Amino acid sequence: EIFKMEDSKKGKKSGKNASGNKKENVVSGWVTKDGLLRIPQKRYLELNDTILTMRNEEKGESKWEMNLWGCPVECWEKDLKFELKQGDKHMTFKVQSKDDFRLWERALKRASARHIEVFYTTGKLIGQGAYGKVFLGRNKQTDSDVAIKVRA
1 EIFKMEDSKK GKKSGKNASG NKKENVVSGW VTKDGLLRIP QKRYLELNDT ILTMRNEEKG
61 ESKWEMNLWG CPVECWEKDL KFELKQGDKH MTFKVQSKDD FRLWERALKR ASARHIEVFY
121 TTGKLIGQGA YGKVFLGRNK QTDSDVAIKV RA
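Note that full-length UniProt numbering has the sequence shown beginning at 1, numbered continuously upward.
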C-alpha cells in the first residue's frame with residue numbers, strides 16, 4: 001500500500017491512500033482448487049491490482065490475502081490451471097473456460113511483474129509490525145514523499 005505524506009494544518013504528517021480505490025485492475029471469479037484428500041473445492045478469487053484474496057463465498061469473509069509482487073506464476077492453458085508460488089506455499093487453481101484462463105493469466109502475470117522499484121525509490125525503514133514493514137519512499141513520477149507498506 002502506498003500512502004502520500006502530506007503536511008496537515010498542525011504540521012504533522014497525515015496519510016492519504018494514493019491508490020484511489022480504482023476498480024480497473026480487478027479480476028474475480030470462481031475457481032476450483034484441490035482440498036484435503038485432493039477433493040476439488042470451489043473458491044472465489046479476487047485480484048485487486050497485486051492483492052489476491054480467496055473466499056469460500058463471493059461476498060463471504062476473506063480466508064487469506066496474498067501480495068503477488070514478484071510471485072512466480074505458472075500457467076497451463078491445456079489444463080486451464082495456474083499455480084502461484086510464495087515461499088514454500090504452492091497453490092494451484094483451475095478455471096472453467098479458455099476465456100477465463102486467458103483473463104486470469106494476463107492479470108496474474110501483470111500483478112506478479114509489478115515491482116515497487118519501478119514507481120518508487122525506497123528509503124529507510126520507519127515502522128514494522130505483525131502485518132508488514134513501512135518504508136519512507138519517493139514517487140519517481142511526482143517526486144513526492146510517500147510511506148510504503150510492504151505486507152509480510
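Built from N, CA and C at the ideal position, the CB exists for glycine as well.
In this text the structure is predicted, and so the values were computed from the model without any measurement.
task = Work out the CA separation of G35 and K22 for me, nearest whole Å.
result = Within the sequence shown, residue 22 is the residue found at index 22, counting from 1. Within the sequence shown, residue 35 is the residue found at index 35, counting from 1. Interpretation of K22 is limited by its pLDDT of 43, a score under 50 that renders its predicted location unreliable; no figure is taken from the coordinates.
Suppose you measure from the CA of R38 to the CA of T121; what does that come to, to the nearest Å?
Position 38 of the sequence shown, counted from the start, is the residue given in the question as residue 38. Position 121 of the sequence shown, counted from the start, is the residue given in the question as residue 121. Going from the Cα of R38 to the Cα of T121 covers about 44 angstroms.
Q. For A147, which of helix, strand or coil comes out of DSSP?
A. Within the sequence shown, numbered from 1, the residue matching residue 147 stands at position 147. The answer is strand: DSSP assigns A147 an E or B state.
For the alpha helix (DSSP H) containing R102, name the first residue and the last one.
In the sequence shown, the residue the question calls residue 102 occupies position 102. It spans 98-113 - the alpha helix (DSSP H) in which R102 sits, taken as one unbroken run.
Q) Are E46 and C75 closer than 9 angstroms when you measure CB to CB? A) In the sequence shown, the residue the question calls residue 46 occupies position 46. In the sequence shown, the residue the question calls residue 75 occupies position 75. Cβ atoms of E46 and C75: not closer than 9 angstroms.
Can you confirm whether the region 97-111 touches the region 41-57 when touching is taken to mean that 3 or more C-beta pairs between the two stretches lie within less than 8 angstroms?
yes
Reducing DSSP to helix, strand and coil, say where I116 ends up. As a first step, residue 116 is located in the sequence shown; it is residue number 116 there, counting from the start. I116 falls in the helix class under three-state DSSP.
Span of the beta strand (DSSP E) around K81: Here residue 81 is taken as the residue at index 81 of the sequence shown, counted from 1. From DSSP, the beta strand (DSSP E) with K81 extends over 81-86.
Original post:
For K98, which of T53, F82, G87 has the nearest alpha-carbon?
Top reply: Numbered from its first residue, the sequence shown carries residue 98 at position 98. Nearest of T53, F82, G87 to K98, Cα basis: F82.
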